[in-house]
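**Student:** Can you read through this structure? Questions will come right after.
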Amino acid sequence: MNQEDLDLEGGDGELYEHHRVVCDPNQSLVRLDKFLFDRLANTSRSRVQAAAKEGHVRVNGKAEKPSYKVKPGDVISVVLPYPQREVELLPEDIPLTILHEDADLIVIDKPAGLVVHPGHGNWTGTLV
Numbered sequence: 004m005n006q007e008d009l010d011l012e013g014g015d016g017e018l019y020e021h022h023r024v025v026c027d028p029n030q031s032l033v034r035l036d037k038f039l040f041d042r043l044a045n046t047s048r049s050r051v052q053a054a055a056k057e058g059h060v061r062v063n064g065k066a067e068k069p070s071y072k073v074k075p076g077d078v079i080s081v082v083l084p085y086p087q088r089e090v091e092l093l094p095e096d097i098p099l100t101i102l103h104e105d106a107d108l109i110v111i112d113k114p115a116g117l118v119v120h121p122g123h124g125n126w127t128g129t130l131v
């Protein structure tokens, strides 16, 4: 199985996961939703089913139902919106070098690699 993943921002400002999977020549017949659930990390079967019902799962360019039986050589394209996550900002003990601080302003020496604010894949250990 070949798989290419790409994260893109949609025109509506939402983030989406784009997956493309090419089935092996010896792929056995299996339901599309089960096939994708087994191959896409951090994706539930119900999330795959919902995407298929909305027409966001295509096999060989055609929208298919979750019950479609995957065949050898099928090219599957999937677009999944990132799940919404409410972020509760909690203080964390992250050592920072403070260069200046007064009542209105704080200046730090931000280390390379320190993520500034929470986002997909970085919910903790951020500056904010």
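Taking the working numbering, I'd label the letters of the sequence shown as residues 4 to 131.
From the three backbone atoms N, C-alpha and C, an ideal C-beta is built for every residue, glycine too.
#1: Could you check where the beta strand (DSSP E) with SER80 kicks off and where it finishes?
#2: In terms of alpha-carbon separation, which member of ASN125, ASP112, VAL81 and PRO75 lies closest to PRO28?
#3: Count the CB pairs spanning the segment 97-114 and the segment 44-64 that are closer than 8 angstroms, and state whether there are at least three.
#4: State the Cα-Cα distance for the pair ARG50 and GLU104, rounded to the nearest angstrom.
#5: Please name the residue in TYR19, SER80 and LEU130 whose C-alpha comes closest to that of ASP36.
#6: Relative to the C-alpha of VAL24, which residue among LEU43, PRO114 and ALA106 is closest?
**Tutor:** Checking against the coordinates, here is how it stands:
#1: 78-84
#2: PRO75
#3: The segment 97-114, when compared against the segment 44-64, does not touch it at the 8 angstroms Cβ threshold.
#4: 46 angstroms
#5: Comparing C-alpha distances from ASP36 to each of TYR19, SER80 and LEU130 shows the shortest one belongs to SER80.
#6: LEU43
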